[in-house]
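Okay, so here's the structure we're looking at.
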Amino acid sequence: MSSENKHAWVQRCLNGKIVFAPIPLNREGLKILDVGCADGVLLRDLKKQVSPSAQLVGADIVEAFLPDSEGGIHFEVYGLCEFPSNQLVGVFDLTHLRYSILGAAKVGYQKAIDHLASTVAPGGWLQVHELDFDLTDRPNVGPAWRDVSNLIAAMFDGMGMGSDCIRKMPGAFEAAGLENVAVHSVDLPMGKLLGDNEAAELSWQPFVITIPSLLEGAKALGVQLPDSMHENLAARFEKEVKEEGAMFRALVTIGQKPA
14 MSSENKHAWV QRCLNGKIVF APIPLNREGL KILDVGCADG VLLRDLKKQV SPSAQLVGAD
74 IVEAFLPDSE GGIHFEVYGL CEFPSNQLVG VFDLTHLRYS ILGAAKVGYQ KAIDHLASTV
134 APGGWLQVHE LDFDLTDRPN VGPAWRDVSN LIAAMFDGMG MGSDCIRKMP GAFEAAGLEN
194 VAVHSVDLPM GKLLGDNEAA ELSWQPFVIT IPSLLEGAKA LGVQLPDSMH ENLAARFEKE
254 VKEEGAMFRA LVTIGQKPA
């Protein structure tokens, strides 16, 4: 799913909200780091919500994704598995990660949270926003959506990250020395549930395209999937999301570094 399309869908579901930590976005000289920033689409949106003197930094391990630094946004190469470089340590009012925790599969989620927490200034906040794969008590769970959710969860398990890692974030934040830890649950309706036809199509189309590569990836990891799951999965999910919609859910965990 292209970062631009995925971002547009999520932002529509969240009414443009990016920052859940209690930070006054109009504060002069605010320093924000977005890890796993891809092409910087989230930071370009965030720039409209902060004061012109804010300093925004985007970091991604894939250098090819990163655009040139532009007014108020600086980009650099950094991957979650490594301890951050000196210029990133202890300086940010907010460090943000969205849908990128899997990038730390080889070191595990606790190390990833430790690395992220190290970039936060005293009194600053860490915010981690990831999908929740627990479908219990979830409305609008059709069979194809359940298969897709289980497929993504199987990727997390197959890479050793554990599909329940998002549920373990509060403990990981506390182990990294953060306090005032809280979790916000956000619903992300897709397809029919969005009402507006154009928005509905924009929400599912880029996602459906990624299903074959998710299946390939799972196969490469040796994940055992029942035949019934991967048979025509992209087509089944497209039909279901068009006709009934699907409800994704994300958990946004925030925590503050002691001042």
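Its first residue numbered 14, the sequence shown is counted upward by one per residue in the working numbering.
C-beta atoms are modelled at their ideal positions from N, C-alpha and C, and glycine is treated no differently.
Checklist entry - Anyone know if the C-beta pair for Gly184 and Lys255 falls short of 8 Å? => result Working through the sequence shown from its first residue, we reach residue 184 at position 171. Working through the sequence shown from its first residue, we reach residue 255 at position 242. It is not a contact, given that the beta carbons lie outside the stated cut-off.
Next on the checklist: When you measure from the CB of Asp127 to every non-hydrogen atom of the ligand SAH, does any distance come out below 7 Å?
Outcome noted: Only the bare structure without any ligand can be found here, which leaves the ligand SAH out of the picture.
Item to check | Sequence-distant residues of its chain with Cβ nearer than 7 Å to Phe33 (five each side left out) | outcome: For this step, residue 33 is matched to residue 20 along the sequence shown. So the qualifying residues of the chain are Gln140, His197, Val265 and Ile267.
Checklist entry - Per DSSP, Gly11 is paired with what? => result With the chain represented from 14 up to 272, any question about residue 11 goes unanswered, as that position is not in the structure.
Item to check | As assigned by DSSP and simplified to three states, the class of Ile45 | outcome: As a first step, residue 45 is located in the sequence shown; it is residue number 32 there, counting from the start. The answer is strand: DSSP assigns Ile45 an E or B state.
Checklist entry - Is it true that the CB of His87 sits closer than 8 Å to the CB of Val54? => result Residue numbering aside, residue 54 sits at position 41 when the sequence shown is read from its first letter. Residue numbering aside, residue 87 sits at position 74 when the sequence shown is read from its first letter. Not a contact, by the Cβ cut-off of 8 Å.
Checklist entry - So Ala72 packs on Cys50, CB below 8 Å; how close in whole Å? => result Position 59 of the sequence shown, counted from the start, is the residue given in the question as residue 72. Position 37 of the sequence shown, counted from the start, is the residue given in the question as residue 50. Indeed they touch by this definition, with Cβ atoms about 6 Å apart.
Checklist entry - Taking the alpha carbon of Leu38 as the point to measure from, which residue in Asp150, Gly85 and Ala67 has its own alpha carbon closest? => result The residue you call residue 38 lines up with position 25 of the sequence shown. Cα-wise, what sits closest to Leu38 is Ala67.
Item to check | Extent of the continuous beta strand (DSSP E) to which Phe105 belongs | outcome: Sequence index remark: in the sequence shown, residue 105 carries index 92 (1-based). Residues Phe105 to Arg111.
Item to check | Cβ contact (3+ pairs, closer than 8 Å) linking the segment 126 to 137 and the segment 152 to 160 | outcome: Result no; under three Cβ-Cβ pairs closer than 8 Å.
Checklist entry - Mind pulling the beta strand (DSSP E) runs of 3 or more residues that sit fully within the segment 82 to 106? => result 86 to 90
Checklist entry - Mapping DSSP to helix, strand and coil, what is Gly194? => result For the purposes of this step, residue 194 is taken as the residue at position 181 of the sequence shown. The sequence shown places Val at residue 194, rather than the Gly named in the question. The answer is strand: DSSP assigns Val194 an E or B state.
Item to check | Pairwise C-alpha distance: Gly42 and Glu187 | outcome: The residue given as residue 187 occupies position 174 in the sequence shown. The residue given as residue 42 occupies position 29 in the sequence shown. Each residue's Cα considered, the two are about 28 Å apart.
Item to check | Distance, Met260 Cα to Phe169 Cα | outcome: Within the sequence shown, residue 169 is the residue found at index 156, counting from 1. Within the sequence shown, residue 260 is the residue found at index 247, counting from 1. About 20 Å.
Checklist entry - Taking the runs of the alpha helix (DSSP H) that are 4 residues or longer, which of them lie wholly in the segment 172 to 224? => result If you keep only unbroken alpha helix (DSSP H) runs of at least 4 residues inside the segment 172 to 224, you get 182 to 188.
Checklist entry - Within this structure, are the beta carbons of Phe146 and Ala117 separated by less than 8 Å? => result As a working mapping, residue 146 is identified with position 133 in the sequence shown. As a working mapping, residue 117 is identified with position 104 in the sequence shown. Going by C-beta atoms, Phe146 is not nearer than 8 Å to Ala117.
Next on the checklist: Per DSSP, what are the beta-bridge partners of Phe33 in this structure?
Outcome noted: Numbered from 1 along the sequence shown, position 20 holds the residue referred to as residue 33. The partner list for Phe33 (beta bridge, DSSP) is empty, contrary to what the question assumes.
Item to check | Own chain residues within Cβ distance below 7 Å of Val221, not counting five before or after | outcome: Numbered from its first residue, the sequence shown carries residue 221 at position 208. Ala247, Phe250 and Glu251, listed in sequence order.
Item to check | Classification of Pro97 by the beta-carbon crowding that lies within 10 angstroms, buried from 16 upward | outcome: As a first step, residue 97 is located in the sequence shown; it is residue number 84 there, counting from the start. By the 10 Å Cβ count, Pro97 comes out buried.
Checklist entry - Which residues in the same chain as Asp127 place their Cβ atom closer than 6 Å to its Cβ, once the five residues preceding and following it in sequence are excluded? => result Here residue 127 is taken as the residue at index 114 of the sequence shown, counted from 1. Taken in chain order, the residues that qualify are Ala189.
Checklist entry - Would you report the Cα separation of Gly258 and Asp200, rounded to the nearest angstrom? => result Position 245 of the sequence shown, counted from the first residue, corresponds to residue 258. Position 187 of the sequence shown, counted from the first residue, corresponds to residue 200. In a straight line, the C-alpha of Gly258 is about 13 Å away from that of Asp200.
Checklist entry - Just curious, the beta strand (DSSP E) that Asp73 is in, first and last residue? => result Here residue 73 corresponds to residue number 60 of the sequence shown, with the count starting at 1. Start and end: Gln68 to Asp73.
Item to check | Close Cβ partners of Val311 (< 6 Å) along its chain, the five nearest in sequence each way excluded | outcome: Not covered by the structure: residue 311. The range shown for the chain is 14 to 272.
Checklist entry - Cα separation between Gln123 and Gly173? => result The residue you call residue 123 lines up with position 110 of the sequence shown. The residue you call residue 173 lines up with position 160 of the sequence shown. Approximately 13 Å, taken between the alpha carbons.
Checklist entry - Roughly how far, in whole angstroms, is the beta-carbon of Thr238 from the beta-carbon of Leu144, given that I think they are within contact range, below 8 Å? => result Along the sequence shown, read from residue 1 onward, the residue named residue 238 stands at position 225. Along the sequence shown, read from residue 1 onward, the residue named residue 144 stands at position 131. It is Leu, not Thr, that sits at residue 238 in the sequence shown. Actually they do not touch by this definition, with Cβ atoms about 18 Å apart.
Checklist entry - Sorted by chain position, which residues of the same chain lie with C-beta nearer than 7 Å to Ala263's C-beta, five sequence neighbours on each side aside? => result Mapped onto the sequence shown, residue 263 falls at position 250. These residues qualify, in order along the chain: His142, Glu143, Leu144, Asp145, Val199 and Leu201.
Next on the checklist: Rounding to the nearest angstrom, what Cα-Cα distance links Leu228 and Leu79 in this structure?
Outcome noted: Mapped onto the sequence shown, residue 228 falls at position 215. Mapped onto the sequence shown, residue 79 falls at position 66. Roughly 27 Å between the two C-alpha positions.
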